[in-house]
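See below for the structure under consideration.
2 protein chains.
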Amino acid sequence: MTFLLTKTRLDSSIFLVAAILVSLAAFAVAWWLYHWIMRERVDHPQVERIRGYIAKGAHTFLRREYKLLALFAAGMTVLILLFLPQPIWQGSALTNLNMALAYVAGTVFSAIAGKIGVQVATQANARAALAARSSLRQSFLAGFRGGAVMGMAVVGSSLLGVALVFWLFADGSVILGFSFGASSLALFAKAGGGIFTKTADISADLVGKVELGIPEDDPRNPAVIADNVGDNVGDVAGMGADLFDSNVASMAAALVIAMALDGGARGPNSQMVFLYTTLGLLASIIGVASARMGKKEDPSRALNLSTYVTGGVFLLLTAAATALLNFSWQIWGAAIVGLAAGILIGITSDFFTNDNRSPVRRVAKLSQSGPAFTILSGMSYGLMSVLPALVGIAAAALVAYQLCASLGTEYALFGIAMSALGMLSIVGTIISNDAYGPIVDNARGLVEMAELGEEALERTDELDSAGNTVKAITKGFSIAAAGLTVISLLGAFMTEVNESAVAAGLAVEGERYLQGFDILDPLVFFGLLIGAAIPAMFSAMLMRGVNRNADRMVAEIHRQFKEIPGLKEGKAEVVPEYDRCISIATVGALRELIPAGLMVIVVTLLVGFIGGVKAIGGFLTGNIVSGLLLAIFMSNSGGLWDNAKKYVEAGHCGGKNSQAHKAAVVGDTVGDPFKDTAGPSLNTQITVVSLVASVASGMFLLFSLLG
Amino acid sequence: MTFLLTKTRLDSSIFLVAAILVSLAAFAVAWWLYHWIMRERVDHPQVERIRGYIAKGAHTFLRREYKLLALFAAGMTVLILLFLPQPIWQGSALTNLNMALAYVAGTVFSAIAGKIGVQVATQANARAALAARSSLRQSFLAGFRGGAVMGMAVVGSSLLGVALVFWLFADGSVILGFSFGASSLALFAKAGGGIFTKTADISADLVGKVELGIPEDDPRNPAVIADNVGDNVGDVAGMGADLFDSNVASMAAALVIAMALDGGARGPNSQMVFLYTTLGLLASIIGVASARMGKKEDPSRALNLSTYVTGGVFLLLTAAATALLNFSWQIWGAAIVGLAAGILIGITSDFFTNDNRSPVRRVAKLSQSGPAFTILSGMSYGLMSVLPALVGIAAAALVAYQLCASLGTEYALFGIAMSALGMLSIVGTIISNDAYGPIVDNARGLVEMAELGEEALERTDELDSAGNTVKAITKGFSIAAAGLTVISLLGAFMTEVNESAVAAGLAVEGERYLQGFDILDPLVFFGLLIGAAIPAMFSAMLMRGVNRNADRMVAEIHRQFKEIPGLKEGKAEVVPEYDRCISIATVGALRELIPAGLMVIVVTLLVGFIGGVKAIGGFLTGNIVSGLLLAIFMSNSGGLWDNAKKYVEAGHCGGKNSQAHKAAVVGDTVGDPFKDTAGPSLNTQITVVSLVASVASGMFLLFSLLG
């Protein structure tokens, strides 16, 4: 493949060293930002006390979650040692050991990034709250830079991890093992955090706002701290793990395909993978560093601007590198197409969920006829929003493929992988923007609970509302990124199958055991239909988990209001038992996520052992299609309902306490687990399934009933 | 393929003659049943007056709908004459003419069956109402036999039509043209009828029950007749057209594949298609004739029994025929697997929607916490119900395929087509059971409006409730049947492409232009993602149509109550202007369905002309997967909410007017367009897309941007 590098031939290590240096630079930036935040002391005892509660609750949840994950990971490690990528009695024990190590490293790297994110978020929230007393700009910066620590930590650790694993092992299966580790953690973090946060949110609202009529974030409410903890564990740690997972998976898929093209490790194609990722991280650092509010003081503009700056810098840097190093322009095109598609899909999500647009306003208006119409109209818009997003993903994949097919048909799949990589290049900034949301949401809660004044409340309200607006864009982006990533993982799966087939003696070197997956092959179709049902089942299980867990929590809140004297009346010095609510949310979330997570993995293995690799090819496809469909539908309708409620609360269609408001609250409650539990967990679910399938492909080749 | 017929070699005409004779026999049975119903005179002037309103409304709607369809069909006929299956300047003008004729015949046959069904349903309702004064058994029989006329008319005309077209033209494309005609009509009838019926239902409930607190079916309500008309045009004519469509499509797909196997028309494989369909119709006649209520007087048992009798008779008849004529047992096995899967899927639908089972009861219980929980829990169950249904379809397709692959790989797809045929063998009885529902629902309305007494009301309530229970089973069955049918249509599409390729000179005779559809081919994947978005868009458009139309109708009801003096107070002799509500529902339904129907056809053509036949292969697959997913989800959650409301109304969880009841009513209102508009229209939508793709395959081969 030397035609890609006619003028220059750099040693591969240069790209790896650059990747490692830039990821260390990201950590340094994170470190600097963290100290920038910690510079301000929290000089308000009430704020510090509540911040402490939140921080303690979040860390308790993370500790328990990680403990559970450690058990799961230990079991999985044993299975990998014994069976993956090849059964130990057939393959090489060393490869299994390497894969197991990479798997553990994947979970650990992701866990550390999550821990860092929560650590800083639970400090930044207090600083943002206190700064809001005097300055919107300072408050914004505290929120944004708190989020940016998470962004830098996630992207830095994912690039560092993949670079190290690649350097040490230079083996596709082992890299997939690292990605699988990241994915396992994401499944726990995203689904568990999602159940936690919505359990607390719904229960707090149900008893507080609906039954007792006390305001949001009222400190009398026993669930109010759990609700704030939920923002951190669901929206900071969970979302970070999700994007860590997508980011690593996109690199892993690209590297597996690149190595197959290069005929081994460290060829020009894997160099390009590292080059693009490194430049993406560099662009994110610049984007994050440049973010501040202009004179117009519009926080959403500042957030969006950082995204566009990152994208623009990435475009320029990669173009310069392509010109200088004489890399392929087609590959560059594929990456840029991916990036453009990601941004465009984010913008269509914004259309469906922004209260300046007709969908939110129509739903608010129809709410005047009652909650059934809120639900029906919101769902209709949610279902409609699927079309532009899927067309965007489909078009990006097709264009990337066609561009790169001109380099040779074997490059076409690599084009899709590179477009996923291009889309994810700005992920550092995306995470920063996304983690900003829960921090300023928490800050708003602190302002309310510690009574920092009306002006501070208005400022944090404005910051919070910007967080919600930007969230829709970043969510659409995350789904699109997961979509392109899993498409390239499908390509990686086929590559893995073909390599396993050679290892298992089912094909000779250079021969392709599988040409593709023919839809009319009944095994493929069988897998396709079952794969399509899994995201439906998974999201239903998570939603039922939230329902059941909220039931338990509501009972606890009722108990506290009944048994703690003076609580309801708001007597001074009477404090609810916040801990018990946090504990219920924690235990319940972990208990509810286990069956859902196991179901996904068990069904994947069942389909593989029944129908073999062809059935799995169909299974992954069905799973991608229905996972994307449901994720987009749920995220957008949930976001729409949330904003329709806020639109009504802002005084439209009858305003607060009107018929329309009651209906809009029903919509928002339905939308909560849609947009914050089930919808975003589907990203992770489809990645986990793809990776389980890839790492177990060797087993499916050897042992299957019909395959 | 003589090994299939080693002992006997019958002339093909015998099978065709038998098919035609048995379909004429079905018409004779329908005629006899109609006269059995008309024997009883409607001797109650009030009942006759209201019956007349309903009949007039239904026929008015049908006339307008058919007029609109005639316009559409005229346009489509011109397009077929010019372009299908080959552009007239390239292919044979005669084939285009034949296809156009077959297309028109498909719409006409289906329209006649629908007209017959509505004609008898609007007579049987009054007889069932009057009989309910004295006997549950007689009332049941009037309802059931009224439905059976529709069942016989639909199956008789579909078999007759296909047999005649096959006899006259013996050409796969022309048979697909007939099927496409049936499908176009079904799209209008199902979606239009679905919008009509739910517009009327929701508006009548919203103003009557919720705003004014008057009972269901109160004659003061201006929308009450429109609601009853809706039952006839949505659930009788619409559902009949839907199953006519599925039945014809399954025969068409099987015949196209059979002719390819036989190397032309009238070989043993197409004989088998006619044999199985004929025996299925015979079994349905026996099943319908045997249906009566036993001494225990349980109407749902009687309905289910007729299904099981039909299935059993079909099994025995086909086994006997296979043994006698020495046909292949593998093919028999495939048909029986399909039948078994259809019945099993119906039973799982029953589990999720029956109020004796935990899902309905849990949703009713959770409704005590408010409507958001009704919606969330109902949706969770609806999403869960997707898994068993898709596993059933996937397993049936896989087993049928594997069984028949033992006859030679080219038989495998034929196996799937035969299993769809087997599933649809009992369709005559299914339609009878299904059409029974709206008839007794209407009867209940007549009893209420004409004040035929408490006892009659109780009897019709019991009959109505049986109709609802059985509906879940028949709905699950219809979706499963559509699922298997469209899978075999995918096979038929590939067959058509390969034949068109030979005709267009792209491949030589005997060579296969397309081997299959590789998921990793970017054109296939491109189509797959877009195909998956179409059912979401289509159902959203229909639901919004219902929303908008209900808005218009509510305004009209308000106007009447305001402007007609004495109406609200229920003064004697004051009659609301029923006609205006019917007219609004009619005009609105037709106006709202056009954009949805056109969108489906236009996107199919766009994908075909952009990505060619490969993109269409993916497009059909994505459309099947997401169509089935959404149809099952919507039908089952809608049915569940309906029954949860009835369960609460029966006195559970607080009973009528409790918090739980209000929440359950919200669930039911959301569920109405789910289960009666969007969900069942998706069946038709996926068939229409499959047929458009098949008939236009020649054009996509010749003209496409990337294909």
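Line order of the protein sequences matches chains L and X.
All residue numbers in the first sequence are consecutive under my numbering, ending with 809.
All residue numbers in the second sequence are consecutive under my numbering, ending with 809.
We put the beta carbon where it would ideally sit given N, CA and C, even for glycine.
For the segment 604-629 of chain X, the beta-carbon criterion of a distance under 9 Å to any beta-carbon of chain L is satisfied by Q617, G618, F619, D620, I621, L622, D623, P624, L625, V626, F627, F628 and G629.
Excluding its 5 nearest sequence neighbours in each direction, L:A584 has C-beta neighbours in its own chain below 7 Å: S348, N785, I788 and T789, listed in chain order. Counting along the chain, the unbroken alpha helix (DSSP H) around L:W434 starts and ends at W431 to T455. A distance below 8 Å between beta-carbons, with the five flanking residues on each side excluded, links L:A634 to the following residues of its chain, in chain order: G724, N725, V727 and S728.
With a 10 Å radius around the Cβ and a threshold of 16 neighbouring Cβ atoms, L:M140 comes out exposed. The CB of X:M520 never comes closer than 7 Å to any CB in chain L; the least such distance is about 14 Å. Residues of chain L whose Cβ lies closer than 7 Å to the Cβ of X:F475 are, in chain order, N649. The residues N323, A325, V656, I659, H660 and F663, in chain order, have a CB closer than 8 Å to that of X:V309 in the same chain once the five nearest residues on each side in sequence are set aside. The beta carbon of L:T455 sits no closer than 8 Å to any beta carbon of chain X. Identification of chain L residues near X:A499 by a Cβ-Cβ cut-off of 9 Å yields P624, F627, F628 and L631, ordered along the chain. Only exposed fits X:V677, as fewer than 16 other CB atoms lie within 10 angstroms of its CB.
Looking only at X:P540, X:A746, X:K158 and X:E611, the smallest Cα-Cα distance to X:A339 is reached by X:P540. In chain order, P624 and L808 make up the part of chain X whose C-beta sits under 8 Å from the C-beta of L:Q504. Nearest CB-CB separation between L:T771 and chain X: below the 8 Å threshold. Between L:S641 and L:A780, the CB-CB gap stays under 8 Å. At a cut-off of 3 residues, not a single continuous stretch assigned as beta strand (DSSP E) sits fully inside the segment 683-771 of chain X. At least one CB of chain X lies nearer than 8 Å to the CB of L:S641.
Closer than 8 Å to the CB of X:I495 there is at least one CB belonging to chain L. The beta carbon of L:F735 falls within 8 Å of a beta carbon belonging to chain X, placing the residue at that interface.
Under the Cβ distance rule, X:T299 does not count among the residues neighbouring chain L, no pair being separated by less than 8 Å.
Of all alpha-carbon atoms in L:A385, L:S386 and L:A404, the one lying nearest the alpha-carbon of L:R394 is that of L:A404. If you look at X:M395, you'll find it isn't in any alpha helix (DSSP H); DSSP assigns it neither H nor E. Judged by DSSP in its simplified three-state form, L:D400 adopts coil rather than helix or strand. L:V794 sits away from L:E598, with the two beta carbons spaced by 8 Å or more. Of the candidates X:F376, X:L170, X:L181 and X:A766, X:F376 places its Cα closest to the Cα of X:G263. Between L:A698 and chain X, the shortest Cβ-Cβ separation is not below 8 Å. Think of a sphere of 8 Å around the beta carbon of X:M361: no beta carbon from chain L falls inside it, the nearest being about 18 Å out. The Cβ atoms of X:V131 and X:M254 lie closer than 8 Å to each other. Taking 8 Å as the threshold, the shortest C-beta distance from X:R661 to chain L does not fall below it. For the segment 444-473 of chain L, the beta-carbon criterion of a distance under 8 Å to any beta-carbon of chain X is satisfied by L468, S471, G472 and P473. Under the DSSP assignment, X:A328 falls in the alpha helix (DSSP H) whose first and last residues are V326 to G332. X:H763 counts as buried, since no fewer than 16 other beta carbons sit within 10 angstroms of its beta carbon.
Put simply, the backbone Cα of X:F185 is about 21 Å away from that of X:L722.
In the structure shown, the three-state DSSP call for L:D347 is helix. A direct Cα-to-Cα measurement between L:L384 and L:A421 gives close to 14 Å.
Boundaries of the alpha helix (DSSP H) around L:A172: P147 to F185.
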